[in-house]
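So the sequence shown is residues 178 to 929, counted in our numbering.
Positions of the beta carbon are idealized from the N, C-alpha and C atoms, including for glycine.
What follows is a single structure, written as structure tokens, with notes after it.
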Amino acid sequence: RNKKQVPSFRKLLKTSKVKLENKLKNKQHKQQSTLKKYRKEQRKLRQAVKDAVSKKPFPLEDPKGKRPVKRIEKEEEEEEEALPLDMMDEDDLQLMKDLGQRASFLTRDLSSSEPVHAKKRKHEHVIDKYEKIPRTLQTAPEKELIHLLPIKDKSGIIPQTREKPDIDSNKDEEDQEEEMELEEEIIEDPIPEMTIEEHLIARKKKLQEKKLHIATLASAVLSDPESNIKKLKELRSMLMEQDPDVAVTVRKLVVVSLMELFKDITPSYKIRPLTEAEKSTKIRKETQKLREFEEGLVSQYKFYLENLEQMVKDWKQRKLKKSNVVSLKAYKGLAEVAVKSLCELLVTLPHFNFHNNIIVLIVPLMNDMSKSISEMCCEAVKKLFKQDKLGQASLGVIKVISGFVKGRNYEVRPEWKKAEEKLERELREAEASESTEKKLKLHTETLNMVFVTYFRILKKAQRSPLLPAVLEGLAKFAHLINVEFFDDLLVVLHTLIESGDLSYQESLHCVQTAFHILSGQGDVLNIDPMKFYTHLYKTLFKLHAGATNESVEIVLQCLDVMLTKRRKQVSQQRALAFIKRLCTLALQVLPNSSIGILATIRILMHTFPKTDLLLDNESQGSGVFLPELDEPEYCNAQNTALWELHALRRHYHPIVKRFAAHLIAGAPSEGSEALKPELSRRSAVELFETYSMAAMTFNPPVESSNPQKKDKFLQGDSFLNEDLNQLVKRHCSEVAIQSPLDFTKYLKTSLR
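Pasting the structure below:
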């Protein structure tokens, strides 16, 4: 059984608009035809009056048999319409003869029996003349018959008819006359021009009325949603406000009001459509009322989302509508309010109907050219990931993102992947009442979609702007990747590093990902990561106090994974080389980076105790230290010393000075040179973030010095030495002598 599809709100609007236009055209056509008919009747009446006055009456029958020629011709023309005299009675014929002798025959009502006066008065009153104008007879119109199917009986076929119902046309004519009068009044009374102040006052008054109306409807819905659910339709109809003075503001207010209403009255479950069996079952009045409320709520919520989608499309297409109520500049403001409402519904109603439709609308807008809209959508997705307990909504977002990224050939903004990077941690931290198996299934499916997107980009779109985010995500989630992909993934990462197309931060992410893989399940693999050690060692000096200072955090994370967690696979020569290079690097970075690097050196000296030989001036073994060599295993780092610590001991930052003194003393855990617990118990990354100078202030603040006040102040030359004063005076008194400057003689001597 085919069900008739319910038309959408936009179709209803279009249909109603077409109906109104057709009705207006029909009314205008009917009005014109009525006017034509009226004019035609007036012309006929005027002509009849003229004929009655100008022409002389003549008898219907000439007794002498003489008839005028014109009369004979006229009778021949009207022969078909005239009634034959032989078919009339004698009385009727005599009456017609008597009336034919009188001039008032054409102008007198035949039904009247009043006497007719042949003579006219010379001076008649104006009213009498008006009364003499002929009037139309109000005869009952013939009723039209509708022929029905005939009935057959013994006598034969009996035709059946029915009178056609009359349409009261008088009302339409009266309405038309009223409309014509109104139009004439409008034309006659033009709208007076208003000043700017009067216009603003009128606009403020209109806006206040609209606000009161919106507040009244919203209050009615909130007070009793089940009884006043129809008020939502009335409120939603205000989204089509046509007053150009307040249209944009009213539409924005209605969008926000409806969003808040749906957040308040929406139940905490998804409303499903009723089955045929449920519809046919008898239920109580309360249940029926609840069903009607749910159906109305879902219907109005759907139409509301369609309205928001249309606002965004209007802004994207940038096309003016026929009504021309909203300007092109106002489209963006409406679109921003619509997107904000969609983001709010995405976060607050993840359980309700049409949530996947909202996701499909929001995900493409995360890549929008407008920064405000893009950031709004990205923040909404991040909030959804954080508060999603089950992971079902997050999975839906990931699926849409994966498909969209693939459809756009991976040419999208990196904030797609930054939103995904926090997903796994948030899912693992979430606590829900659902079973562990269901959560594990959802999380596994989500991770599969994320890694499929990552691997597609690594394989097919290595020049995509998403690559940095992909590498960062792989570095965080590398411990969750299947062991079967490790070999291929390490080859791809090394190829990316050697290609030279990556930025320094991207290459650091590649190194970080590789060692995360090898530190987890990759321990069982027989893979030599020496090429990754070499790459990091030779690129450490790219860090400085400028733009690359923020990359120090990634370097500290890499060093922790490469050296500390893999201490059994790291040789002493490699550890010595990294300590020496890190100590040199601490001289050219910002204080927070120096603190993080010195904290890493402290951890390495504890992890590799024999590295304390770098604190001694005596060399160990043969060879000379080669700082320019890029191979940490063969640079002879055992034959150098950490002389940089003495320079850092005189640093202006107190924490850097404290760490330098601590390392010079051999990094003791007890004694006067030991660190305080707030420094020793924190990791290198935590110290880097704690003493950050992102706010462009000293951290900790520098103590202000209070100089002693002097009783006497030296002025002028008294500040200078006596000999210096004499020298200055002598040079000032000398007259400047201009001598030509000739550099050719020096050039000749240098050439010889």
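Check: For the alpha helix (DSSP H) that contains E471, what are its first and last residues?
Finding: Residue mapping note: residue 471 aligns to position 294 of the sequence shown, counting from 1. Where E471 is concerned, the enclosing alpha helix (DSSP H) stretches over K462 to Q494.
Exercise for review: Alpha carbon to alpha carbon, how far is L825 from K637? Give it in angstroms, no decimals.
Suggested key: Translated into positions along the sequence shown, residue 637 becomes position 460. Translated into positions along the sequence shown, residue 825 becomes position 648. Straight-line Cα distance between these residues: approximately 47 Å.
>> Can you give me the C-alpha to C-alpha distance between A570 and P527, rounded to a whole angstrom?
In response: For this step, residue 570 is matched to residue 393 along the sequence shown. For this step, residue 527 is matched to residue 350 along the sequence shown. Note on geometry: alpha-carbon atoms of A570 and P527 lie some 7 Å from one another.
Q. Is L806 helix, strand or coil when you go by DSSP?
A. To locate residue 806, count along the sequence shown from 1; it is residue 629. Three-state DSSP puts L806 in coil, outside helix and strand.
> Mapping DSSP to helix, strand and coil, what is L325?
Replying inline: As a first step, residue 325 is located in the sequence shown; it is residue number 148 there, counting from the start. Residue state for L325 is assigned as strand, using DSSP reduced to three classes.
Do I658 and M626 have their C-beta atoms within less than 8 Å of each other? Translated into the one-based positions of the sequence shown, residue 658 becomes position 481. Translated into the one-based positions of the sequence shown, residue 626 becomes position 449. Contact check for I658 against M626 fails: the beta carbons are separated by 8 Å or more.
**OP:** Look up I756 in the DSSP assignment and say whether it is helix, strand or coil.
**Re:** Counting from 1 along the sequence shown, the entry for residue 756 is found at position 579. Residue state, collapsed to three classes: helix.
Express the C-alpha separation of V489 and Q419 in angstroms, rounding to a whole number.
Within the sequence shown, numbered from 1, the residue matching residue 419 stands at position 242. Within the sequence shown, numbered from 1, the residue matching residue 489 stands at position 312. Rounded to the nearest whole angstrom, the C-alpha separation of Q419 and V489 is 19 Å.
Quiz prompt | Counted within 10 angstroms of its Cβ, other Cβ atoms place P854 as buried (16 or more) or exposed | solution = The count along the sequence shown starts at 1 and reaches residue 854 at position 677. Answer is exposed; the Cβ neighbour count stays below 16.
Opening and closing residue of the alpha helix (DSSP H) in which I135 lies
Absent from the structure is residue 135, since the part of the chain shown begins at 178 and ends at 929.
Check your understanding: Just how far apart, CA to CA, sit H721 and S434?
Key -> Numbered from 1 along the sequence shown, position 544 holds the residue referred to as residue 721. Numbered from 1 along the sequence shown, position 257 holds the residue referred to as residue 434. Linking H721 to S434 through their CA atoms gives a straight-line distance of about 52 Å.
E386 versus V427 - alpha carbon distance = The count along the sequence shown starts at 1 and reaches residue 386 at position 209. The count along the sequence shown starts at 1 and reaches residue 427 at position 250. Those two C-alpha atoms are separated by around 10 Å.
Return the chain-ordered list of same chain residues with a C-beta closer than 7 Å to the C-beta of Y868, the five sequence neighbours on each side being excluded. For the purposes of this step, residue 868 is taken as the residue at position 691 of the sequence shown. Only P768, N769, I772, I832 and N876 meet the Cβ criterion.
Item to check | Residue closest to V524, alpha-carbon to alpha-carbon, out of E513, P845, E556 and Q494 | outcome: Taking the sequence shown and counting its residues from 1, one reaches residue 524 at position 347. Answer by Cα proximity: E556.
Q) Quick one: Cα of V905 to Cα of E899, how far? A) Here residue 905 is taken as the residue at index 728 of the sequence shown, counted from 1. Here residue 899 is taken as the residue at index 722 of the sequence shown, counted from 1. Those two C-alpha atoms are separated by around 10 Å.
Which residues in the same chain have their Cβ closer than 8 Å to the Cβ of K787, if we skip the five residues on either side of it in sequence? Here residue 787 is taken as the residue at index 610 of the sequence shown, counted from 1. Here the set comprises Q749.
Legend entry - Ranges of the beta strand (DSSP E) found wholly within the region 381-463, counting only runs of at least 3: Counting whole runs of 3 or more residues, the region 381-463 contains no beta strand (DSSP E) stretch at all.
Secondary structure of R223, DSSP reduced to three states = As a position in the sequence shown, residue 223 is number 46, starting the count at 1. Residue state, collapsed to three classes: helix.
For D422, which residues from the same chain have a beta carbon less than 7 Å from its beta carbon, with the 5 sequence-adjacent residues on both sides left out? Position 245 of the sequence shown, counted from the first residue, corresponds to residue 422. Taking D422 as the centre and dropping the five residues before and after it, the same chain places the C-beta of R380 and K383 closer than 7 Å to its C-beta, in chain order.
* To do: For G584, count neighbouring C-beta atoms within 10 Å of its own C-beta (all shown protein chains included) and say buried if the count is 16 or more, exposed if not.
  => The residue given as residue 584 occupies position 407 in the sequence shown. Under the 10 Å beta carbon count, G584 is surrounded by fewer than 16 other beta carbons and is classified as exposed.
Going by other Cβ atoms of all chains shown within 10 Å of its Cβ, with 16 needed for buried, is Q815 buried or exposed? As a position in the sequence shown, residue 815 is number 638, starting the count at 1. Per the 10 Å Cβ criterion, buried.
Check: So I334 is in the beta strand (DSSP E); what residue range does that whole segment cover?
Finding: Position 157 of the sequence shown, counted from the first residue, corresponds to residue 334. Element bounds for I334: I334 to E340.
Residue from K456, K509 and L522 with nearest C-alpha to K938: Outside the shown range of the chain (178 to 929) lies residue 938, about which nothing can therefore be said.
Point to revise | Close-in-space but distant-in-sequence residues of the same chain around S518 (CB under 7 Å, 5 per side omitted) | key: As a first step, residue 518 must be located in the sequence shown, where it is residue number 341. Take S518, set aside five residues on each side of it, and the residues of its chain with a beta-carbon closer than 7 Å to its own are V432, V433, M436 and L485, in chain order.
Taking D900 as part of the alpha helix (DSSP H), name the residues at either end of that continuous run.
In the sequence shown, counting from the first residue as 1, residue 900 sits at position 723. If you look at D900, you'll find it in the alpha helix (DSSP H) that goes E899 to S910.
At a cut of 8 Å, does the region 842-861 reach the region 744-758 through at least three beta carbon pairs?
-> Touching, no, given that fewer than three Cβ pairs across the two stretches are closer than 8 Å.
### Message
Let me confirm a value: N902 is counted as buried when at least 16 other C-beta atoms fall within 10 Å, else exposed. Which label applies?
### Response
Here residue 902 refers to the residue found at position 725 when the sequence shown is read from its first residue. Taking all protein chains shown into account, N902 has fewer than 16 neighbouring C-beta atoms within 10 Å of its C-beta and is therefore exposed.
Check your understanding: Going by Cα to Cα distance, which pick from R220, L713 and V729 is closest to E755?
Key -> For this step, residue 755 is matched to residue 578 along the sequence shown. Residue 755 is actually Phe in this sequence, not Glu. Residue L713 holds the alpha-carbon nearest to the alpha-carbon of F755 among R220, L713 and V729.
Discussion item. Applying the 10 Å Cβ sphere with the 16-neighbour rule, what's the burial state of H839?
Written reply: Numbered from its first residue, the sequence shown carries residue 839 at position 662. Buried: at least 16 other Cβ atoms inside 10 Å.
Review point. Beta carbon of L803, beta carbon of N794: below 8 Å?
Key: As a first step, residue 803 must be located in the sequence shown, where it is residue number 626. As a first step, residue 794 must be located in the sequence shown, where it is residue number 617. For L803 and N794, no; Cβs fall outside 8 Å.
For this session: Could you work out which residue in M371, A512, K559 and I406 is closest to L430 when comparing CA atoms only?
Result: For this step, residue 430 is matched to residue 253 along the sequence shown. With respect to the C-alpha of L430, the residue from M371, A512, K559 and I406 having the closest C-alpha is A512.
Review point. Taking just the CA atoms, how far does M543 sit from A392?
Key: Counted from its first residue, the sequence shown places residue 392 at position 215. Counted from its first residue, the sequence shown places residue 543 at position 366. Going by the C-alpha atoms only, they are around 33 Å apart.
Exercise. For chain D, is any of its Cβ atoms less than 8 Å away from the one on G843?
Worked result: As a matter of chain content, chain D is missing from the structure shown, which is built from one protein chain.
Buried or exposed for L451, going by 16 or more other Cβ atoms inside 10 Å? Taking the first residue of the sequence shown as position 1, residue 451 is located at position 274. A residue is called buried when at least 16 other Cβ atoms come within 10 angstroms of its Cβ; L451 does not meet this threshold and is exposed.
Using only the alpha-carbon positions, how far apart do Q169 and L197 sit? Outside the shown range of the chain (178 to 929) lies residue 169, about which nothing can therefore be said.
Requested in this report: Compare the C-alpha of I694 against each of Y481, L679, E661 and A776 and name the closest.
Outcome: What you label residue 694 is simply residue 517 of the sequence shown in a count that begins at 1. Closest option to I694, Cα to Cα, is E661.
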